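Here the structure is laid out as structure tokens; the discussion comes afterwards.
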Amino acid sequence: MNQYVLEMKGITKVFPGVVALDNVSFSVKKGEVHALVGENGAGKSTLMKILNGVYQANHGQIILDGEPVSIDNVKDAQEKGISIIFQEFNLINTLTVAENIFLGRYNHSRVINWKEVKAEAQQLLERLGFPLDVNRIVGKLSTAEKQLVEIAKALSFNAKIIVMDEPTSSLTKNEEEMLFGIIRTLKENGITTIYISHKLEEVFRICDTVTILRDGKVIDVKPIKELTRNEIIEKMVGRTIDMDYPKRQVKTGEPVLSVRNLCRGKVLRDISFDLHKGEILGIAGLVGSGRTELAETLFGAEKADSGTITIFGKKVVLRSTREGKENSIGLLTEDRKETGLVLTFNIARNISITNLKEVMSGMLLNNRKEKKVAQQYIEALNIKTPSVNQTLMNLSGGNQQKVVLAKWLFSNVDILILDEPTRGIDVGAKYEFYCMMNDLVAQGKSIIMISSELPEVLGMSDRILVMHNGTIKGELTGLDMTAENVMRLAID
Amino acid sequence: MNRNAAKVLKNFIQDNAIFIVVLILIIVTAIIEPSFITWDNLLNILRQNAVIGIVAVGMTYCIIAGLFDLSVGSIVSLSGVIVILSINAGVSDYIAVAYGLLAGIAVGVVNGLLVSLINGRSGEAFIITYGMQVVVAAIALFPSNGLFIAGRVQPGFFMSLGQGIMPIVIFLGLAAILQFVLVKTRYGRQLCYIGSNINAARMSGIRVKPNRVSYFAISGFMSGIAAIVLCSRVTSSNPTAGLGYEMDAIAGIVVGGTSLMGGSGSVLRTVLGIIIIGIMSNALNILGITAYHQQIVKGLLIIAAVSVDIWNKRIKVREMSNEKAYIG
């Protein structure tokens with residue numbers, strides 16, 4: 002009896018000009034939780050797309066339950082028991098849970114028997130241990146609940162292997178626990194999970210085995226117990242990283258931004274704090290505690306009802322994002338694809354967007370100037386791209402985020418609000434991003450960093466404000482900045 | 002090398018499929034009837050299409066911004082009525098023209114404010130400007146009870162606007178200006194950002210609302226100009242003169258290759274689109290094909306243009322997703 006449910010042997014995939022996967026062998030045992038880690042561009046997604054039938058390998062073999070198979074397309078993969086749950090869900094928001102689970106496969110002769118469909122959906126969800134009303138509309142579910150629907154959908158195909166791509170990237174702590182519970186349930190039922198994540202803490206908690214990819218090659222495959230966190234990172238990036246968070250000399254100056262009694266509807270209540278020159282101020286709190294709303298209000302994207310904002314000693318009323326920018330505030334939004342970038346435009350045009358004045362000669366745009374500026378930022382921020390003309394769509398997450406940062410650096414604002422700046426970018430790029438933040442405050446800029454990743458907030462901030470339910474629940478400085486203290490303030 | 006050349010050729014054919022089809026039509030027509038390719042005939046085609054061309058060029062900003070303006074036809078009717086009534090009332094040519102233009106801008110601003118008020122996208126803009134089309138069309142009928150109005154037009158400024166090559170000069174001149182503004186100014190670039198990703202534009206400190214209102218205002222203004230050229234040429238006004246112009250304008254924009262999804266396009270392409278449709282009807286006329294059959298061909302051309310746009314996009318997206326995997 003073969004102990005492997007899936008073996009991918011000697012997989013090679015060549016794209017024009019580059020070898021994305023070079024003789025990769027990837028084997029997964031039945032019922033295990035197998036982590037697939039690597040930096041962006043290491044080849045994880047390509048490998049999974051081959052497994053999913055989106056791409057065909059140039060060489061190599063896929064063996065499922067001991068049988069060599071060819072996987073021609075996504076439907077084929079599903080029928081063979083392979084389901085992939087991507088970060089962006091494949092659900093129809095206007096339909097119900099039951100309709101989504103059995104979409105297009107309703108058991109019917111002529112008329113759909115909805116009762117049966119619903120009962121089956123209910124059964125699947127109960128198998129997962131999290132009953133969810135199958136009549137609810139998917140668009141009104143939380144991210145975690147949508148994920149549940151995706152998993153139930155995979156089960157409805159009798160999935161043997163479920164691939165989860167960054168499943169916790171937008172989940173709260175509680176929801177993460179729920180997901181881990183579900184993965185354990187799947188395991189008990191003999192279903193194999195391939196777990197792709199940048200968050201190594203999770204990998205250590207939930208996974209049995211880890212395969213590390215780098216530059217399209219398998220670097221190591223080991224039971225997770227035999228590796229340490231630092232060993233994994235070293236193998237991923239191919240170099241030693243001395244510490245997760247670069248140190249800096251803290252020299253904060255006078256307040257540059259003072260907020261007093263700021264209120265906005267029910268989402269912000271009586272917010273008061275100061276931000277100093279050269280400071281990185283961390284804002285922690287659960288998703289929905291008002292962090293993003295605070296950022297939007299400080300940037301002028303939403304109007305405050307009452308309270309004052311003082312920037313460089315001048316009281317200001319921000320009625321639009323342009324006024325925010327003119328008052329030296331920039332906001333790196335939490336969703337770079339939706340609100341941060343114009344994905345169909347090239348790097349040069351995405352950087353100049355905040356400050357077109359600077360790339361004009363007289364009244365007219367100067368393309369040469371624009372490209373020169375972009376080239377400078379590509380070099381300064383080490384953006385990996387063939388040229389300034391590259392479309393943003395074709396850059397990796399980390400490089401896209403660098404472009405967002407570049408556009409705000411180009412706008413010359415002194416106060417930068419970074420909302421989840423390292424979400425979905427890999428360890429190496431994160432470290433680079435932190436170093437850039439340190440450079441910026443060293444130059445006298447000030448940063449507000451909103452983050453759901455506790456180690457990051459603790460590692461990077463000079464001071465931490467913890468938000469809860471639209472208010473600032475507390476401020477932590479110095480030795481009080483511990484994970485326990487933050488969570489204590491954030492939760493209740 | 003050879004493969005590369007083949008790829009370049011394939012891309013060229015993909016991007017210009019419509020132009021190539023029309024080129025073939027031109028060649029066939031020219032062989033059958035050599036008088037087709039004469040300077041006079043070309044000027045004739047341009048003159049015939051100048052009015053709709055001005056409207057289409059004016060609406061192009063709206064389309065690039067991911068919006069629609071269905072009210073343009075009614076604006077042509079209304080502005081025409083206003084200009085001719087003003088002239089008949091003895092107002093000077095310049096002031097009459099100004100009234101006509103102001104009416105166009107006013108309708109455009111109302112369109113823009115209504116769409117902005119609800120933060121509308123193309124769908125809402127479609128319906129709102131359709132509503133305005135109905136309302137404005139009715140207003141244009143009031144003064145003359147829907148009847149044709151003869152203009153007491155004297156030789157002078159107003160009369161000159163529709164004579165000789167003036168309509169062509171106005172059409173191409175304004176198109177050149179709008180194209181220049183689109184490509185070379187901050188305002189034009191902001192339009193591209195707004196059309197491609199309105200949220201990213203807003204969150205980069207661009208004032209979206211006033212810009213969006215201005216696109217409708219420009220569309221209204223250009224419809225006003227079209228009305229003036231039209232009325233000057235026929236020295237009268239018909240309160241239903243602009244009926245159906247909006248669809249002809251959109252057809253020209255689409256045939257030129259500007260995407261209805263917004264974000265990309267150019268005024269120059271709209272000019273080409275209008276000329277292509279014009280050349281096509283002219284060629285079909287010369288070939289002796291009846292007006293009814295011509296309409297079928299025109300309809301098919303529009304459908305083909307949209308299909309080619311979508312088809313190209315799919316191919317590009319597929320190519321991009323392949324590239325993405327390579328860069329990581």
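Residue numbers (the working numbering), protein chains in the order written: chain S, 2 to 493; chain R, 2 to 329.
C-beta: ideal position from N, C-alpha, C; glycine also.
These figures come from a predicted structure and were not determined experimentally.
- A contact is defined here as three or more CB-CB pairs under 8 Å, and the segment 93-100 of chain R meets this definition with respect to the segment 153-164 of chain R.
- Beta-bridge pairing by DSSP links S/Val70 to S/Ile63.
- Against S/Thr355, the close residues of chain R are Ser205, Gly206, in the order they occur along the chain (beta-carbon pairs closer than 8 Å).
- In the structure shown, S/Lys385 adopts coil according to DSSP, grouped into three states.
- Within chain S, the C-beta atoms nearer than 8 Å to that of R/Arg187 come from Leu357, Lys358, Met361, Leu366, in chain order.
- Going by DSSP, R/Thr271 is part of the alpha helix (DSSP H) stretching over 268-287.
- DSSP places S/Phe411 within a helical segment (H, G or I) once states are collapsed to three.
- Just so you know, the alpha carbons of R/Ile53 and R/Ile85 end up roughly 19 Å apart.
- Taking S/Thr13 as the centre and dropping the five residues before and after it, the same chain places the C-beta of Val20, Leu22, Asp23, Asn24, Val25, Ala58, Asn59, His60, Gly61 closer than 8 Å to its C-beta, in chain order.
- In the DSSP assignment, R/Thr241 falls outside any beta strand (DSSP E), carrying neither H nor E.
- Measuring C-alpha to C-alpha distances from S/Ile233 to each of S/Val38, S/Thr194, S/Leu342, S/Glu303 identifies S/Val38 as the nearest.
- Rounded to whole angstroms, the gap between the alpha carbons of R/Val82 and S/Gln401 is 54 Å.
- By the CB criterion at 9 Å, R/Tyr62 and R/Leu183 fall inside the cutoff.
- Residue range 281-286 is occupied by the beta strand (DSSP E) that includes S/Ile284.
- With fewer than 16 other Cβ atoms inside 10 Å of its own Cβ, R/Tyr188 counts as exposed.
- Assignment of beta-bridge partners to S/Thr472 by DSSP yields S/His469.
- Taking a 10 Å sphere around the C-beta of S/Ser462, we find 16 or more other C-beta atoms and assign the residue as buried.
- For the segment 105-122 of chain R, there are no residues whose beta carbon sits under 8 Å from a beta carbon of chain S.
- The shortest CA-to-CA distance from S/Thr210 to any of S/Val389, S/Met450, S/Ala36 is the one to S/Ala36.
- Close CB contacts of R/Ser87 within its chain, under the 8 Å cut and outside five residues either way in sequence, are with Ile96, Ala97, Tyr100, Gly101 (chain order).
- It is roughly 28 Å from the alpha-carbon of S/Lys403 to the alpha-carbon of R/Gly266.
- Within the same chain, Asn347, Ile348 come within 7 Å of S/Gln391 by CB-CB distance, once the 5 residues on both sides are set aside.
- Cβ neighbours of S/Tyr435 within its own chain (closer than 7 Å, five residues either side excluded): Tyr246, Pro247, Met461.
- Straight-line spacing of the CA atoms in R/Leu148 and R/Ser80 works out to 15 Å.
- Per the coordinates, the alpha-carbon of S/Gly471 lies some 29 Å from the alpha-carbon of R/Lys210.
- Contact between S/Gly266 and S/Gly32 is ruled out by a C-beta separation of about 49 Å, above the 8 Å threshold.
- DSSP places S/Ser447 in no alpha helix (DSSP H) but in the uninterrupted beta strand (DSSP E) bounded by 447-451.
- Taking 8 Å as the upper bound for CB-CB distance, S/Ile451 and S/Ile330 are not in contact here, some 14 Å apart.
- Per DSSP, R/Arg208 lies in no alpha helix (DSSP H) and is assigned neither H nor E.
- Taking one beta carbon from each stretch, the segment 121-133 of chain S and the segment 85-95 of chain S have fewer than 3 pairs nearer than 8 Å; the two do not touch.
- R/Arg213 is outside the set of residues whose beta carbon lies under 9 Å from a beta carbon in chain S.
- One Cα belongs to S/Ala285, the other to S/Met468, and the distance between them is close to 6 Å.
- Taking a Cβ-Cβ threshold of 7 Å, the residues of chain S close to R/Arg190 are Leu357, Leu366, in chain order.
- S/Lys370 and S/Val414 have their C-alpha atoms roughly 20 Å apart.
- Taking 7 Å as the cut-off between beta carbons, the residues of the segment 319-334 of chain S near chain R are Ser321, Thr322, Arg323, Gly325, Lys326, Leu332, Thr334, in sequence order.
- Under the three-state reduction of DSSP output, S/Pro224 falls in the strand class.
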